[in-house]
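*Asks:* Before I ask anything, here is the structure I am working with.
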Amino acid sequence: MINQSTEYLNGLLKIGKWNYQLSISTDYKISYSYLDRVINKIVDVKGIKKVFGVSTTDKSIGSSIYLVIEGKNITRKKLEKTLKLKENMLENVDNIRSKKELYHLCRHLGKDYSHHNIAVKKS
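Numbering (the working numbering), first residue to last: 9 to 131.
This is the structure in structure tokens:
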């Protein structure tokens with residue numbers, strides 16, 4: 009699975025210049041349709057070109073959505089307003105400094121409890 013994750017990560021790096029990452033934590037199971045709605049809301053934000061997201065569920069700690077974004081001027085405040093999240097659900101909104109930071113996204117792919125999707129803004 010490590011080789012597949014690495015291949016997937018390399019493919020993601022070829023289709024986007026991902027420069028932001030963020031995570032959302034919940035105490036409920038995340039469906040593929042919820043993940044799609046989150047991704048589609050974010051890609052509609054001004055300055056965002058592409059969004060890739062992975063959801064994971066762990067019964068002991070809850071669920072998370074990990075997102076990478078290609079865009080400009082992305083702020084926590086802008087994303088919180090767009091997603092209308094409860095307080096403290098949106099965790100980190102950070103710049104991506106190396107591709108190693110993206111590996112945690114791909115390690116969940118192919119697991120029974122994960123979903124993933126990508127959205128690209130129409131030009």
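We put the CB at the ideal spot given by N, CA and C, even for glycine.
1) Rounding to the nearest angstrom, what Cα-Cα distance links G70 and K130 in this structure?
2) According to DSSP, is D44 part of a helix, a strand, or is it coil?
3) Quick check on this structure: which residue in Y36, I126, Y16, Y40 has the alpha carbon closest to the alpha carbon of I77?
4) Taking its Cβ as the centre, do 16 or more other Cβ atoms sit within 10 Å of L21, making it buried, or is it exposed?
5) Taking the alpha carbon of L8 as the reference point, which residue from H112, V128, K119, Y121 has its own alpha carbon closest?
6) Sorted by chain position, which residues of the same chain lie with C-beta nearer than 6 Å to S13's C-beta, five sequence neighbours on each side aside?
7) So what's I82 in DSSP terms, helix, strand or just coil?
8) Run through the stretch 61-106 for me and flag every whole alpha helix (DSSP H) of 4 or more residues, listed as ranges in chain order.
9) Please determine, among V62, E99, K80, K86, the residue with the shortest C-alpha to C-alpha distance to W26.
*Replies:* Looking at the atomic coordinates:
1) To locate residue 70, count along the sequence shown from 1; it is residue 62. To locate residue 130, count along the sequence shown from 1; it is residue 122. About 34 Å.
2) Walking along the sequence shown from the start, residue 44 turns up at place 36. D44: helix per DSSP, three-state reduction.
3) Residue mapping note: residue 77 aligns to position 69 of the sequence shown, counting from 1. With distances taken between Cα atoms, I77 lies closest to I126.
4) Against the sequence shown, residue 21 aligns to sequence position 13. Under this definition L21 is an exposed residue.
5) Missing from the structure shown is residue 8; the chain here goes from 9 to 131 and no further.
6) In the sequence shown, the residue the question calls residue 13 occupies position 5. Around S13: C114, R115.
7) For the purposes of this step, residue 82 is identified with residue 74 of the sequence shown, where counting begins at 1. The answer is coil: DSSP assigns I82 none of H, G, I, E or B.
8) Listed in chain order, they are 84-91.
9) Here residue 26 is taken as the residue at index 18 of the sequence shown, counted from 1. When each option's Cα is compared against that of W26, the closest is K80.
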